[in-house]
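Just so it is clear: in the sequence shown, position 172 is 172 by my numbering, and no numbers are missing. Just below is one structure, and these are the notes that go with it.
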Amino acid sequence: MRTQALILLCILAFAVKAVADEPPSWRDFEVKSGNGKFLAEVKAKADQKNLPYFQWKYELTVYQVDDQSKVRMWSANYKYDGYAEGMLSDDGSKFVYVNFWYYRDAPVVSIYGSDLSVKVLYGGEFHINMKKFRKHTRSWLSIEPSQVEFSNMDAPPLLLKILTIDKKLHIVDLETGRLLR
């Protein structure tokens, strides 16, 4: 009986680990701003059904919304990795995607702006001590999802705070795309 319980526990632990490492979905998605006044939609562009999902082109469109209307504010080409996530600022001017998978020479933070600019920060810019990383089923997990938030919502510049796995607080100026610390 004890052996069966141990085997069941191992199977359940493996199943939980497998679910935690979801593959990319490549589906269209929406993100609302924290105050609910803006909506970002990421959608595949038309006429791409013959291509594999990872080759599709996507568009990010931001709308001002209320109970009766949805007014288009701005849109930009969107570099989509298949994970339907992001954050939209309360004024609708910035959409930020933080990739929680750390790759030294790949984008970790992508900032899309109403001025149609796209600013990118790479993993190596965060100078994370490799000894702090936890082994994960498909990569190294670096940034905790609950540790990313907007700051200075009422006064420029709009900032993004990121607490990394090495317990360092990083501040990103979303206007310039520069890492302040």
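Backbone N, C-alpha and C fix where the C-beta goes; we use that ideal spot for every residue, glycine too. Owing to the predicted nature of the structure, the values given are computational and were not obtained by experimental measurement.
Item: Which same chain residues, not among the five before or five after Leu116, have their C-beta less than 8 Å away from its C-beta?; Value: Trp74, Ala76
Item: Can you list, in chain order, the residues of its chain with a C-beta nearer than 6 Å to that of Arg181? Leave out the 5 residues immediately preceding and following it.; Value: Ile171
Item: Between Val172 and the ligand COA, is there a pair consisting of the residue's CB and a ligand heavy atom that are separated by less than 7 Å?; Value: Among the components modelled here there is no ligand, and therefore nothing to report on the ligand COA.
Item: Lys49 to Pro23, Cα distance in whole Å?; Value: 20 Å
Item: Across which residues does DSSP place Met87 in a beta bridge pair?; Value: Val96
Item: Taking C-alpha atoms, which residue in Gly34, Glu30, Phe38, Lys37 lies nearest to Ala44?; Value: Glu30
Item: Mind checking Tyr97: buried by the 16 CB within 10 Å criterion, or exposed?; Value: buried
Item: Measure the CB-CB distance between Phe95 and Tyr112 and report whether it falls below 8 Å.; Value: yes
Item: Have a look at Gln64, Ser110, Tyr102 and flag the residue whose alpha-carbon is nearest the alpha-carbon of Gly124.; Value: Tyr102
Item: Identify the continuous beta strand (DSSP E) that holds Asp173 and give its terminal residues.; Value: 169-173
Item: Hey, how far is the Cα of Arg138 from the Cα of Leu163?; Value: The pLDDT assigned to Arg138 is 44, lower than 50, so where the model puts this residue is not dependable; a value taken from the coordinates is nonetheless given after this. Distance between the alpha carbons of Arg138 and Leu163 is about 22 Å.
Item: Note down, in chain order, each residue of its chain lying with its Cβ closer than 6 Å to the Cβ of Val148, except the 5 sequence neighbours on either side.; Value: Val98, Ile162
Item: Determine the direct distance from the alpha carbon of Leu39 to that of Ser69, and round the result to whole angstroms.; Value: 11 Å
Item: Assuming Ser93 and Phe150 are in contact, meaning their beta carbons sit under 8 Å apart, how far apart are those beta carbons, in whole angstroms?; Value: In fact, because the Cβ distance is near 11 Å, the residues do not count as touching under 8 Å.
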